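Undergrad:
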Amino acid sequence: MTGRPNYITPSGLARMRARYQALLGVERPKLVETISWAAGNGDRSENGDYIYGRKRLREIDRELGHLSRRMKAAQVVDPAAQTDRTRVYFGATVTIVDEQDRERVVTLVGQDEADASDGRISWHSPLAYALKGAGIGDSRRVDLPAGSCDYEIVAIAYP
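Position in the sequence shown (from 1) plus 1104 gives the number in the numbering used here.
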């Protein structure tokens, strides 16, 4: 962990808990049953079900540990409770326009729930850092690996 707060939205924490419960309550027990069945078939050195099952079980246990640590460190922040809705803060959905008049909508979320293809960017990303505290009409320069880009904030919304 980086020492920064692990902010997460209530829906992000709910998705994380659902994944944890699915792994622990459904996927892992099925896999343990398959491994037990495969172990009873004799020679384990050439038993694909047994070998794959043990490997997958280690992956599931590793993911369960990771999810457990992240949920324990999570600080839930409800964007709907934001009092100043004229500025960009955690959980804001921001519509920005770049220099070529291309519009983009992003939502600032915790790093555990970020998915750039879905428009959810990490609160710690360069674009989010540039947008923090900005208001409608403000222009921000963002230094990205592909070069600098100027964005204008055209709308801010909170759930």
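Beta carbons are placed, not taken as given, at the ideal position from N, Cα and C, and that holds for glycine. Model, not experiment: these values are computed from the prediction.
Alpha carbon to alpha carbon, how far is A1142 from V1136? Give it in angstroms, no decimals.
TA: The residue given as residue 1136 occupies position 32 in the sequence shown. The residue given as residue 1142 occupies position 38 in the sequence shown. Rounded to the nearest angstrom, the two C-alpha atoms are 10 Å apart.
Undergrad: Quick one: is L1235 buried, meaning 16 or more other Cβ sit within 10 Å of its Cβ, or exposed?
TA: Locating residue 1235 in the sequence shown gives position 131, counting from the first residue. Its Cβ being crowded by 16 or more others within 10 Å, L1235 is buried.
Undergrad: Exposed or buried, what is E1217 when buried is set at 16 or more other beta-carbons lying within 10 Å of its beta-carbon?
TA: As a working note, residue 1217 is residue 113 in the sequence shown. E1217 comes out buried.
Undergrad: Measure from the alpha carbon of I1112 to the alpha carbon of each residue in R1160, I1225, V1198, then state which is nearest.
TA: The residue you call residue 1112 lines up with position 8 of the sequence shown. Minimum Cα distance to I1112 is reached at I1225.
Undergrad: Under 7 Å Cβ to Cβ from E1167, same chain only, skipping five residues before and after it: list those, please.
TA: Looking up residue 1167 in the sequence shown gives position 63. Contacts found: L1127.
Undergrad: On the premise that L1212 lies in contact with G1223, defined as a C-beta separation below 8 Å, what is that separation, rounded to the nearest angstrom?
TA: On the sequence shown, position 119 is the one that residue 1223 refers to. On the sequence shown, position 108 is the one that residue 1212 refers to. Incorrect: roughly 10 Å between the Cβ atoms, too far for contact.
Undergrad: Distance check for E1207 and M1105, CA to CA, integer angstroms please.
TA: On the sequence shown, residue 1105 is found 1 positions in, with the first residue counted as 1. On the sequence shown, residue 1207 is found 103 positions in, with the first residue counted as 1. Residue confidence for M1105 is low, a pLDDT of 47 falling below 50, so the modelled location carries little weight; the figure read from the coordinates is stated next. Distance between the alpha carbons of M1105 and E1207: 34 Å.
Undergrad: Whole angstroms are fine: how far does the CA of A1261 sit from the CA of V1192?
TA: Start at 1 with the first residue of the sequence shown, and residue 1192 comes out as number 88. Start at 1 with the first residue of the sequence shown, and residue 1261 comes out as number 157. Their Cα atoms are separated by approximately 9 Å.
Undergrad: Look up T1138 in the DSSP assignment and say whether it is helix, strand or coil.
TA: Indexing the sequence shown from 1 puts residue 1138 at position 34. T1138 falls in the helix class under three-state DSSP.
Undergrad: Alpha carbon to alpha carbon, how far is R1174 from A1238? Give it in angstroms, no decimals.
TA: By one-based count along the sequence shown, residue 1238 stands at place 134. By one-based count along the sequence shown, residue 1174 stands at place 70. Roughly 29 Å between the two C-alpha positions.
Undergrad: Spatial neighbours of S1229 within its chain, please: CB distance less than 6 Å, with the 5 preceding and 5 following residues excluded, ordered by chain position.
TA: Sequence index remark: in the sequence shown, residue 1229 carries index 125 (1-based). Same-chain partners within the cutoff: there are none.
Undergrad: Relative to the C-alpha of P1249, which residue among L1231, W1227, G1241, R1162 is closest?
TA: Reading the sequence shown from its first residue, position 145 is the one you call residue 1249. Checking every option, the nearest Cα to that of P1249 belongs to L1231.
Undergrad: Using only the alpha-carbon positions, how far apart do S1252 and E1203 sit?
TA: As a first step, residue 1252 must be located in the sequence shown, where it is residue number 148. As a first step, residue 1203 must be located in the sequence shown, where it is residue number 99. Those two C-alpha atoms are separated by around 11 Å.
Undergrad: For the region 1178-1185 and the region 1112-1121, state whether three or more C-beta atom pairs, one from each stretch, are separated by less than 8 Å.
TA: Enough Cβ pairs lie closer than 8 Å, so yes.
Undergrad: In whole angstroms, give me the CA-to-CA distance for V1210 and T1197.
TA: Here residue 1210 refers to the residue found at position 106 when the sequence shown is read from its first residue. Here residue 1197 refers to the residue found at position 93 when the sequence shown is read from its first residue. Cα to Cα, the separation comes out at about 6 Å.
Undergrad: For G1214, count the other beta carbons within 10 Å of its own beta carbon; 16 or more makes it buried, fewer makes it exposed. Which is it?
TA: As a position in the sequence shown, residue 1214 is number 110, starting the count at 1. Result: buried.
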